[in-house]
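With the first letter of the sequence shown counted as 1, position 39 gets the number 39 in full-length UniProt numbering; the numbers rise by one all the way through. Note that the Cβ used here is the ideal one computed from N, Cα and C, for glycine as well. Computed from a predicted model, the values in this text were never measured in an experiment. Report on the structure given below.
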Amino acid sequence: MYKAMITVRLKPSVLDPQGTAVKGSLHSLGYAEVEGVRIGKTMELWLNTTDEAEAGKRVDAMCQQLLANPVIEDYEYRLEKEA
């Protein structure tokens with residue numbers, strides 16, 4: 001069994017209005033040192049397989065097809081073997 005930790009973020013060239021709003025709110029709270037905020041999402045998936053290479057191929061396919069929008073988002077993942 002493998003656990004996949006997937007992180008999806010907007011590409012640097014894509015505006016992040018949610019990040020801009022959070023940055024403004026942090027400034028309002030007195031955190032003026034915050035220079036930028038980018039919002040993303042993290043997912044955990046458990047795959048019932050013992051083949052790490054196959055797990056990686058499957059996770060990559062899931063990200064391409066559903067979990068990320070490759071036009072505007074980048075993704076990365078790491079696999080952890082579960083006991």
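Whole-number beta carbon distance between residue j and residue i, since they are thought to touch under 8 Å
| i | j | result |
| --- | --- | --- |
| residue 75 | residue 66 | Incorrect: roughly 11 Å between the Cβ atoms, too far for contact. |
| residue 80 | residue 5 | 7 Å |
Cutoff 8 Å: residue i Cβ touching any chain D Cβ
| i | result |
| --- | --- |
| residue 9 | Chain labels in this structure do not include chain D; a single protein chain is all it has. |
Closest by C-alpha distance to residue i, when choosing among the options
| i | options | result |
| --- | --- | --- |
| residue 61 | 42, 50 and 77 | 77 |
| residue 36 | 17, 43 and 51 | 17 |
| residue 1 | 49, 63 and 71 | 49 |
| residue 86 | 63, 12 and 69 | With the chain covering 1 to 83 only, the question about residue 86 has no answer from this structure. |
| residue 39 | 69, 71 and 15 | 15 |
Pair within 8 Å by beta-carbon distance, residue i and residue j
| i | j | result |
| --- | --- | --- |
| residue 84 | residue 52 | Lying before the first or after the last residue shown, residue 84 is absent from the chain, which here runs from 1 to 83. |
| residue 42 | residue 20 | no |
field: contact_flag[the stretch 12-30, the stretch 51-64] where n(CB pairs < 8 Å) is 3 or more
entry: The stretch 12-30 is not in contact with the stretch 51-64.
- prompt: Enumerated in chain order, which unbroken segments of the beta strand (DSSP E) with a length of 3 residues or greater are wholly contained in the stretch 13-44?
  reply: none
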